[in-house]
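Trainee:
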Amino acid sequence: MSLNGLVTSPSGTHAAIRRHDWSWVGAVSDAPRAIAEVERLDPSPRWAVWSASDLRPLLDLGTAPRRVWDCAEVHRLRRGGVDASVQTLWCDRSGLPVSDAPVAPRSDLFDFEENADRAEPESLTTPAGYLRGDALDGSWQTQGLPNDTTRLLTWAHALLEVAEHQQAALAREQGQGSGSASRALATAASESAAALLCLELERAGLPVDRERLVELITNSAGPRPTSLEEELASRAERDAVVLRHLPGRESTDLRNPAQVRALLLAAGIEVRDTRKWTLESFREAHPVVPALLAWRTRERIATTYGWRWLDAHVGPDDRLRGRWAASDGAAGRMTAENGLHNLPAALRPAVRAAAGHRFVRADLGQIEPRVLAAVSGDRALAQATAFPDLYAPVASRLGVDRSVAKVAVLAAMYGQRSGTAGEALAGLRRAYPVAMALLEDAAERGARGEPVRTFGGRLVRTARPGEEGAIVAPPVAAGRGRFARNAVIQGSAAELFKAWAATIRATTGDLGAEIVLCLHDEVLVHVPVEAASECAARVDAALADAARRWLGSEDVRFVADVSVIERWSEAKA
DNA sequence: CGGTGAACGTA
DNA sequence: CGTACGTTCACCGA
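Each residue of the first sequence is one higher than the last, beginning at 1434 in the working numbering.
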C-alpha cells in the first residue's frame, strides 16, 4: 500500500502532494486534477494527511480522495489517549522526547525569547530535530506563498515521512503481538476512513422536519418566547405543574437537588438522591413524584433541545449539524455534538428524510457478544453467533431461560456484581472458557493499571501515564477493571462499526446516498427514494464484507436489521 | 471566572 | 443498576 502525502495551507488556498518519485504543489483549486492524475497512474493510492480536517478545502470543491491515512487517528490508535498534535507525531517518528519540543508560537511577546533551539529560516526543523514552532500553526509554510511553494512541499515531505514511519511501525508492532500486521493496517485504514466520514457528516447534517420539530418543542417547552419575560414565564409555568402538589413550598427550586430532596421530604418521601432511577419506585407514593419526573423530561427538552438549540444547530436547509470525532472516546468510539448522539426519542419523529428521499436505517444486532466471540476466538461462542438470536443457543447450552442467559452474558461483559447473574456466570465460564478468560484477563490488567488493546490494536490506557502498574486503592482498581473489561468489547465493536460504515460509504455513494448519522451500532443513510431498496441491500452486504476483512475469517456471524423508512421514529425498537 | 458534581439524554 | 459519551444547571472557591 503506497502512501502519498497531501497537505493544504492553513488558509486553504494551496495544496501539495508528495510521493517518492513525484511531487506537486499549487493552488488548491488545481488539486483535484493533480489527485485524479495520481489516481490514474496508481490504482489504489492512499492519501496521507496530518488530519482529515486538512481535506476541508478539497471537500469545499466537491472532491475528496477515496482512501486516506489519517496520521492523527493512527497515532491515537497506536499510543492511546488524545494527544495527536503534529509535533507529537513528529517526535514519535524521530524518536525525540515530546516534553522538550517547541510549541506553536502564541501572539504574545514572550515567544521571541522562548526557544534557544532556533531553526535556520529555511529549515523546517530545529537543530535538535524538532519541528519549528512557527510551522505548527502553519505560518512558516505560508510565508512566501503564493510565489514560493517550496516550504509547503517540504511540509508534505515531512508528513510522508511520518505516515511511512507509522505504517512500518504498525506492521512491526502488531506482527509481534497476537494481532496480525494486516489487521493493524486494516484498522488504520478504516479508522482513517471514519475520520473522513466525520467531515462528511459535519457537512451533510441530519435532515429534520422543522414543522414537526417546532411542534414537539412547543409541547415540552411552550411556545417560542419573544422576550426574556416570556421565557421566564414559560419556565414558571412548567414549575407550577409540579409545585401545586405541595402548597406552601412554591419557592422550591426544582433545579436544585437539595431543595428537591427537601420538597420530597415534605411529601413524606425520604431519598438519598433525587435521581430518576431512585424516584421511579416512589411513583405511587405521592402525585408529586410522577409530576416531577414528567417535569424533568420537559425540562430536558426545554433547556437542551429547545428553541435555542433549534436556532443554533438546525440550519436554514433544515439540517441538524454538529462536530464529529472519529475516536474521541477512551475506547475509540465516535462522538458527536449538539445532540446528534443523545437526541431524546421523543424528538425522533422530527428526523425525516428530505423530499424525494428515504432513510436506510440499519443497526447491528447483539453486537457485543458477537464481538466477544470474534476477539476471543472462543469456538463455542462463535458457533452460537450462527443463530439470529445468539442468546437462544447460549441458554440451551447453559440449561437456563433465555432471559437469564442474556443477563449473564451482559453481566460478564460489563463486570456487573449485583443482581442474580452469579450462578449463570459460573455456567458461562464452563461453556465459554476462552471468551470468559479474555474478559477476566482484561479486568485484571485494568485493575493493575495496565493498558489493554482492542482487537484492531487500539491502545486503551487504564491509568494516567507514569501510573502503570501502580498499586491503587481497591475501589479504584475495581472501577478500572470494569472499564478495561468493557473497553476491549466496546472499542472492538466500534472498530467493526467503523469498518462497516466505511464500506457503506464506499459502496453506496454512486446511488447518491450519504451517511447522515452514526450512533455506535446504528447508521442512517439518506438516499433518493428510487435507490432506497438497492441501498438497503448494499448496506446489508457491506456488513458481511466489512466483518470478513475486520476479522480475517467468516467464523463469526454478524447480523444487521435494515429497513427503509421516512422518519427515524419508524424504526422498530 | 473556571472547575466539579448532579442529573439525564443516547448507545 | 454495568460501561461510554455530551449538555445543562447549581454550587464552590478563587
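C-beta: ideal position from N, C-alpha, C; glycine also.
These figures come from a predicted structure and were not determined experimentally.
Assuming ASP1796 is part of the beta strand (DSSP E), what are its boundary residues?
Mentor: 1790-1798 is the extent of the beta strand (DSSP E) around ASP1796.
Trainee: What does a CB cutoff of less than 8 angstroms around ALA1974 pick up in its chain, not counting 5 residues either side in sequence?
Mentor: The residues are THR1940.
Trainee: Nearest-angstrom Cα distance between TYR1738 and ARG1636?
Mentor: Those two C-alpha atoms are separated by around 21 angstroms.
Trainee: Looking at ALA1497: is its Cβ nearer than 9 angstroms to the Cβ of ALA1467?
Mentor: Going by C-beta atoms, ALA1497 is not nearer than 9 angstroms to ALA1467.
Trainee: Can you pull the DSSP bridge partners for ARG1886?
Mentor: Per DSSP, LEU1892.
Trainee: By a C-beta neighbour count over all protein chains shown, 10 Å radius and 16 as the cutoff for buried, is ARG1878 buried or exposed?
Mentor: Answer is buried; the Cβ neighbour count reaches 16.
Trainee: Out of ILE1650, ARG1990, THR1711, ILE1450, which one is the CA nearest neighbour of ALA1464?
Mentor: Nearest of ILE1650, ARG1990, THR1711, ILE1450 to ALA1464, Cα basis: ILE1450.
Trainee: Return the chain-ordered ranges of every alpha helix (DSSP H) run that is complete within the region 1925-1953 and spans a minimum of 4 residues.
Mentor: Complete alpha helix (DSSP H) runs here, min 4: none at all.
Trainee: Is ARG1741 closer than 9 angstroms to GLY1748 when the C-beta atoms are compared?
Mentor: Going by C-beta atoms, GLY1748 is not nearer than 9 angstroms to ARG1741.
Trainee: Straight-line CA distance for ASP1706 to ASN1689?
Mentor: Computed Cα separation, rounded: 11 angstroms.
Trainee: Using three-state DSSP, classify THR1736 as helix, strand or coil.
Mentor: THR1736 falls in the helix class under three-state DSSP.
Trainee: Less than 9 angstroms separating the beta-carbons of SER1484 and ALA1517?
Mentor: Yes, the pair counts as a contact, with Cβ atoms nearer than the cut-off.
Trainee: Starting from GLU1472, trace the alpha helix (DSSP H) in both directions and tell me its first and last residue.
Mentor: 1464-1474 is the extent of the alpha helix (DSSP H) around GLU1472.
Trainee: Starting from the Cα of SER1760, find the closest Cα among GLN1600, ALA1469, LEU1929, THR1651 and give me that residue.
Mentor: Nearest of GLN1600, ALA1469, LEU1929, THR1651 to SER1760, Cα basis: LEU1929.
Trainee: Starting from VAL1958 and walking both ways along the beta strand (DSSP E), at which residues does that stretch end?
Mentor: Taken as a continuous stretch (DSSP letters only), the beta strand (DSSP E) holding VAL1958 covers 1955-1961.
Trainee: How big is the Cα-Cα spacing for LEU1872 and TRP1573?
Mentor: Looking at the two C-alpha atoms, the distance is approximately 49 angstroms.
Trainee: Have a look at ALA1735, ARG1915, TYR1824, PRO1884 and flag the residue whose alpha-carbon is nearest the alpha-carbon of GLY1513.
Mentor: Per the Cα distances, PRO1884.
Trainee: On the DSSP letters alone, give me the boundaries of the alpha helix (DSSP H) that ARG1643 sits inside.
Mentor: 1643-1654 is the span of the alpha helix (DSSP H), which, as asked, contains ARG1643.
Trainee: If we ignore side chains and look at the alpha-carbon of each, how far apart do ARG1671 and LEU1725 end up?
Mentor: C-alpha separation (whole angstroms): 10 angstroms.
Trainee: Beta strand (DSSP E) containing HIS1508: first to last residue?
Mentor: HIS1508 -> not in any beta strand (DSSP E); alpha helix (DSSP H) instead, spanning 1504-1512.
Trainee: Roughly how many whole angstroms lie between the Cα atoms of LEU1687 and VAL1693?
Mentor: When rounded, the distance between both Cα atoms is 6 angstroms.
Trainee: Between which two residues does the beta strand (DSSP E) containing ALA1449 stretch?
Mentor: Looking at the DSSP string, the run of the beta strand (DSSP E) that includes ALA1449 is 1447-1451.
Trainee: Identify every run of the beta strand (DSSP E) within the region 1595-1627, keeping only runs that are complete inside it and at least 3 residues long; order them along the chain.
Mentor: The region 1595-1627 contains no whole beta strand (DSSP E) run of 3 or more residues.
Trainee: What is the residue span of the alpha helix (DSSP H) that ARG1479 lies within?
Mentor: Here ARG1479 belongs to no alpha helix (DSSP H); instead the beta strand (DSSP E) covers 1479-1482.
Trainee: Where does the unbroken alpha helix (DSSP H) through TRP1457 begin, and where does it stop?
Mentor: Segment 1456-1460 is the beta strand (DSSP E) holding TRP1457; no alpha helix (DSSP H) there.
Trainee: For ALA1699, which residues of its own chain have a beta-carbon under 7 angstroms away from its beta-carbon, when the five flanking residues on both sides are left out?
Mentor: The residues are LEU1679, ARG1682.
Trainee: Starting from ALA1993, trace the beta strand (DSSP E) in both directions and tell me its first and last residue.
Mentor: 1992-1998 is the span of the beta strand (DSSP E), which, as asked, contains ALA1993.
Trainee: Suppose the cutoff is 6 angstroms on Cβ atoms and the five residues either side in sequence are ignored; what does the same chain contact list for GLU1955 look like?
Mentor: These residues qualify, in order along the chain: ASP1796.
Trainee: Three-state secondary structure (DSSP) at ARG1752?
Mentor: If DSSP states are grouped into helix, strand and coil, ARG1752 belongs with the strands.
Trainee: On the CB-based measure, 16 or more other CB atoms within 10 Å of its CB, does GLY1832 come out buried or exposed?
Mentor: It is exposed - the Cβ of GLY1832 has fewer than 16 other Cβ atoms within 10 Å.
Trainee: By a C-beta neighbour count over all protein chains shown, 10 Å radius and 16 as the cutoff for buried, is PRO1898 buried or exposed?
Mentor: Exposed: under 16 other Cβ atoms inside 10 Å.
Trainee: For LEU1989, report the span of its beta strand (DSSP E) as first-last.
Mentor: What sits at residue 1989 in the sequence shown is Val, not Leu. No beta strand (DSSP E) holds VAL1989; DSSP gives it neither H nor E.
Trainee: Excluding sequence positions up to five away, which residues of its chain have a Cβ less than 8 angstroms from the Cβ of LEU1944?
Mentor: Taken in chain order, the residues that qualify are VAL1960, PRO1961, ALA1964, GLU1967, CYS1968, ARG1971.
Trainee: Among all the DSSP beta bridges, which residues are the ones paired with ASN1437?
Mentor: Answer is TRP1480, bridged to ASN1437.
Trainee: Using a 10 Å radius around the Cβ and a threshold of 16 neighbouring Cβ atoms, would you call ILE1904 buried or exposed?
Mentor: When all chains shown are included, ILE1904 counts as exposed.
Trainee: For ARG1886 versus VAL1921, is the C-beta distance shorter than 9 angstroms?
Mentor: In contact: ARG1886 and VAL1921 (Cβ atoms closer than 9 angstroms).
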